[in-house]
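Given below as structure tokens:
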């Protein structure tokens, strides 16, 4: 979403909140007037009905306001958020960064959901990390569908490891070759740009996975 779109959504959300407040005040005033009239006339049943209606409407308005306020806060945070530059990750060498283990718990999740979650964790910029799938499905499935889902979940980390291994090996070899050329003072801007472009293509192909 572009900044202009976010600013438009912020204004629309603020207008919606103002309209919600105005309509809520009008509803409370009209319902209160009805309840007061019924009370003066001694119609206890109508008074209780008015109070119940106002309470139910209040719950609905409360939920609506919670959503709009949360949306407004998210839009404003997104408007001022600045992504960290990729160069900041270069300060953490692979062997120097503290080891990090990312645990992905799963209980009878769809295979596509597990795949996307594992990929999201594996493709983070942090260098020294491990991704562990905690599969909590019943070990003795009762149905054929549950059995197939269990084995698919167990095999998924190995499938993703195999799928990402080729582009990873390519990038590692490219980095080794770059360090060799740099130590020998044989760097040329044109060829290095081509090499970086090839690495990015391989990385993109590794991430273009079936859903």
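Numbering (my numbering), first residue to last: 827 to 1037.
Built from N, CA and C at the ideal position, the CB exists for glycine as well.
Query                                                                                                                                 : Result
Just mark residue 828 as buried or exposed, buried being the case when its beta carbon has 16 or more other beta carbons within 10 Å. : exposed
In three-state DSSP terms, what is residue 1017?                                                                                      : helix
Roughly how many angstroms lie between the CA atoms of residue 891 and residue 860, to the nearest whole one?                         : 25 Å
Nearest-angstrom Cα distance between residue 833 and residue 898?                                                                     : 10 Å
How many angstroms separate the CA atom of residue 905 from the CA atom of residue 836?                                               : 10 Å
Would you mind working out which of 947, 966 and 963 sits nearest residue 987, comparing C-alpha positions?                           : 947
Please report how far the alpha carbon of residue 935 lies from the alpha carbon of residue 872, in whole angstroms.                  : 50 Å
Taking its Cβ as the centre, do 16 or more other Cβ atoms sit within 10 Å of residue 868, making it buried, or is it exposed?         : exposed
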